[in-house]
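One point on numbering: in the UniProt record's numbering, the residue at position 12 of the sequence shown is 12, and numbering is uninterrupted. Here a beta-carbon is modelled for each residue, glycine too, at the ideal position from N, C-alpha and C. Small disclaimer: the values here were computed from a predicted structure and weren't measured. Structure record follows, encoded as structure tokens.
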Amino acid sequence: MIAIPRQKPIFRFAPSPNGPLHLGHALSAILNHDMAERAGGRFLLRIEDIDQARCTPEFESGIFADLAWLGLSWEEPVRRQSEHLPAYQTALQSLIERGLVYPAFLTRGEVRTRVAAGEAGGTPWPRDPDGTPLYPPDDRLRSNTERRRLLDAGLKHAWRLDTDKAIAEVGGPLYWHESGDGEKGDIVADSAAWGDVVLSRSDAPSSYHLSVVVDDAAQGITHVVRGLDLFHATSIHRLLQTLLGLPQPLYHHHRLILGEDGKKLSKSQGDTGIAEWRRQGWSPLELRRRIGI
């Protein structure tokens, strides 16, 4: 009998260079690195820099410096999303050709107006697990002729997944295996709860949902270790993986590091970065203790 070699587990840390890494990022990076080491696997670093308006080389250099100071090492070359835009376009185009996505023309202001009008009678507008109102059905219900007319007119648009149609194409229920700090075991994916998510915008050639499943497949990621704030997003990721014929990783959603206000740490809120703790004289070991590792 010929022994078939077992694939090494592959973990990844995938920050966006749009601000300094904070303690929440440190927790995720260290967990991925340490779990890969214990499993005899590989640890990869991915730079999620599709948003070129906010991502900068300075923040990217800061990521490398912070992770090196934490004592982490990763394989080269580092994957940058900005260097793989054709891969996301290919995935999107395959969904367009199958009629599983549609052009969405409503502006943010128009969406807010429709939501407000819908709630004027006292009925709450449906919202996704993050609390964002679901996209109105206007564009999904347009005829192909009307869509073509608007596209030919050069009207700015996004591409949104027709989630109900996508779920129908997949057929039976989808699951993922979870080993994290919340629910565990085989989790039923509730993709419908997200409504018609954006897969591409005029100012971003790929959304997080689309690029993350394409990237994970391209890098052979076997274990996705990330914060509990992305637990429910896995439902959409499982749907996209199935539609695109991509492999399914194992998932581990870890606890979040909360600020004094009880909310998760955020770059946009200016929460203290790893570099600042370093400047204050903290050691990597002290930082590990601070985040409970």
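- Ranked by Cα distance from V78, the options P247, S61 and Q93 are led by S61.
- When secondary structure is reduced to three states using DSSP, R160 falls in the strand class.
- Spatial neighbours of A87 in its own chain (CB-CB distance under 6 Å, excluding positions within 5 residues in sequence) are listed in chain order as V214.
- Contact between E75 and F43 holds: CB atoms are separated by about 7 Å, below the 8 Å threshold.
- Taking 8 Å as the upper bound for CB-CB distance, P133 and I63 are not in contact here, some 33 Å apart.
- From the listed residues T56, D181 and F105, the smallest Cα separation to E146 is found for F105.
- I167 and A192 do touch by the CB rule: their CB atoms are close to 6 Å apart, below 8 Å.
- In chain order, L210, V214 and L244 place their CB closer than 7 Å to the CB of A91, counting only its own chain and leaving out the 5 sequence neighbours on each side.
- Taking a C-beta distance under 7 Å as the contact criterion, R46 and N18 do not qualify as a contact pair.
- Its chain contains P20, L21 and H22 as the residues whose beta carbon lies nearer than 7 Å to that of G273, once the 5 sequence neighbours on both sides are disregarded; these appear in chain order.
- For W194, the secondary structure class from DSSP, reduced to helix, strand or coil, is helix.
- For L246, no beta strand (DSSP E) segment is defined, and its DSSP state is neither H nor E.
- Within the same chain, and ignoring the five residues on either side of V115 in sequence, the residues whose Cβ sits closer than 6 Å to its Cβ are W125 and P133.
- Only exposed fits H177, as fewer than 16 other CB atoms lie within 10 angstroms of its CB.
- DSSP links V224 through a beta bridge to Y251.
- Per DSSP, Y135 lies in no alpha helix (DSSP H) and is assigned neither H nor E.
- Counting every other CB atom within 10 Å of its CB across the protein chains shown gives P247 a total below 16, marking it as exposed.
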